[in-house]
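Asks: Before I ask anything, here is the structure I am working with.
Residue numbers (our numbering): 8 to 404.
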């Protein structure tokens, strides 16, 4: 069975793909912390340090999202593994909630707090703003030496799309040909119950018969297709929209602007979605809600639409709510925003630049480190059964 092989291949992507919805934590911890005073990033980093590492430096790595379950135990296990490699440093991963991350990182940069690595992106950080402030180390000169292994695993086009006027200030979390794609994300229980060939379904026309079947037979499923207002761009034949209604496509080696609303494929998709909507198969608030708001109850829908890399279902799925996913269509449009959607950068003022470069290189090339960062501790956070990964706890960085 190839399930775990696939997930291992994309382990690094999951470790860095912190923008994907579903980073795990339990609500009890969040509620319990709500009355505590706000801490600075340096205080939070100090709190996460488990022991005096003596002369061994500890790198502070800022990440976005809620702190994963079993976080400190995984940090300890990661540092034990780094010790076994004689890496010469430890790592602390510091998490800030989605809505707080940009402010926290900007504050850390402006105040000169000690940090070494950080998640950054076009939509959080944000990458270009911080690069313009010289917050990130220019990685260009390290690509053929300290980051050689990472460079070999990243598509050259992704690296080019991440550069800002020449310099490269962060590494994209993408393997060759692997970038975030629009995916149908399915309720696994209904998929198995109705024997749905979900991997073969790539458009809403193919989806329709299964939406009707589940709606007709499951009392708790009123609207089986749970989508948001941006779904029309998640199509079998994707379009690149530069402004509302203005698309860009390649013709004879040139980029040509066109009226997206007159495009036959786009009009056909609109007609199909209108039909599903009129038939009561789509949640009625779909035209008004944003992507992060389209979260219906698990048992109340058959399928939704997310954006993420192949293997992201390991983040979206839980033991209580198992999901499976399939990519919509066969092509993906890659633009600068997508190329800079999930990045890791190094603090230009870090005292431990060499160690930070080494850690980034290992994240791309060391499979055991990838598994620790992506899934946690084997036997505690996940089990391997018949070469397939089964999560026991919701640990995902």
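Heads up, the beta-carbon is just placed ideally off N, CA and C, and yes, glycines get one too. Here the structure is a predicted model, which means the values were calculated and not measured.
Identify the residues that DSSP records as bridge partners of residue 265: which are they?
Replies: As a beta-bridge residue in DSSP terms, residue 265 pairs with 254.
Asks: Once DSSP output is grouped into helix, strand and coil, what is the label at residue 333?
Replies: strand
Asks: In this structure, does DSSP put residue 389 in helix, strand or coil?
Replies: strand
Asks: Distance, Cα to Cα, residue 65 vs residue 351?
Replies: For the pair residue 65 and residue 351, the Cα-to-Cα distance works out to about 17 Å.
Asks: Just to check my reading of the structure: residue 179 and residue 349 have Cβ atoms closer than 8 Å, yes? What is that Cβ distance to the nearest angstrom?
Replies: 7 Å
Asks: By a C-beta neighbour count over all protein chains shown, 10 Å radius and 16 as the cutoff for buried, is residue 378 buried or exposed?
Replies: buried
Asks: When burial is assigned at 16 or more other CB atoms within 10 Å of the CB, is residue 362 buried or exposed?
Replies: Residue 362 comes out buried.
Asks: Taking the straight line between their C-alpha atoms, what separation do you get for residue 85 and residue 201?
Replies: 42 Å
Asks: Tell me whether residue 30 sits in a helix, a strand or coil according to DSSP, three-state version.
Replies: Its pLDDT being 34, under 50, residue 30 is placed unreliably in this model, and the coordinates cannot settle the point.
Asks: Strictly by DSSP, which residues pair up with residue 99?
Replies: 67
Asks: Taking the beta carbon of residue 75 as the centre, do at least 16 other beta carbons fall within 10 Å, making it buried, or is it exposed?
Replies: buried
Asks: Return the bridge partner residues of residue 127 from the DSSP annotation.
Replies: 350
Asks: Could you give the distance in angstroms between the alpha-carbon of residue 130 and the alpha-carbon of residue 136?
Replies: 11 Å
Asks: When you compare only the Cα positions, how much space is there between residue 134 and residue 364?
Replies: 18 Å
Asks: Determine whether the beta carbon atoms of residue 157 and residue 368 lie at a separation below 7 Å.
Replies: Annotated as proximal: residue 157 and residue 368, with beta-carbon spacing under 7 Å.
Asks: According to the neighbour-count rule (16 or more other Cβ atoms, all chains shown, within 10 Å of its Cβ), is residue 118 buried or exposed?
Replies: Classification of residue 118: exposed, given that the 10 Å Cβ count is below 16.
Asks: DSSP three-state label for residue 219, please.
Replies: helix
Asks: In whole angstroms, what is the alpha-carbon distance linking residue 223 and residue 296?
Replies: 26 Å
Asks: For residue 335, which of 101, 343, 314 has the nearest alpha-carbon?
Replies: 314
Asks: Among the candidates 306, 283, 124, whose CA atom is the shortest distance from the CA of residue 410?
Replies: In the structure displayed, the chain extends from 8 to 404; residue 410 sits before or after that span and is not available.
Asks: When you compare the region 258-273 with the region 201-219, are there three or more beta-carbon pairs, one atom per stretch, that lie closer than 8 Å?
Replies: The region 258-273, when compared against the region 201-219, does not touch it at the 8 Å Cβ threshold.
Asks: Quick one: is residue 167 buried, meaning 16 or more other Cβ sit within 10 Å of its Cβ, or exposed?
Replies: exposed
Asks: If you run the structure through DSSP and keep just helix, strand and coil, what is residue 179?
Replies: Strand.
Asks: Is it true that the region 375-391 meets the region 85-104, where meeting means three or more beta-carbon pairs spaced less than 8 Å apart?
Replies: yes
Asks: Could you give the DSSP three-state label for residue 277: helix, strand or coil?
Replies: helix
Asks: Taking buried to mean at least 16 other C-beta atoms within 10 Å of its own C-beta, is residue 263 buried or exposed?
Replies: exposed
Asks: Less than 7 Å between the beta carbons of residue 146 and residue 175, yes or no?
Replies: yes
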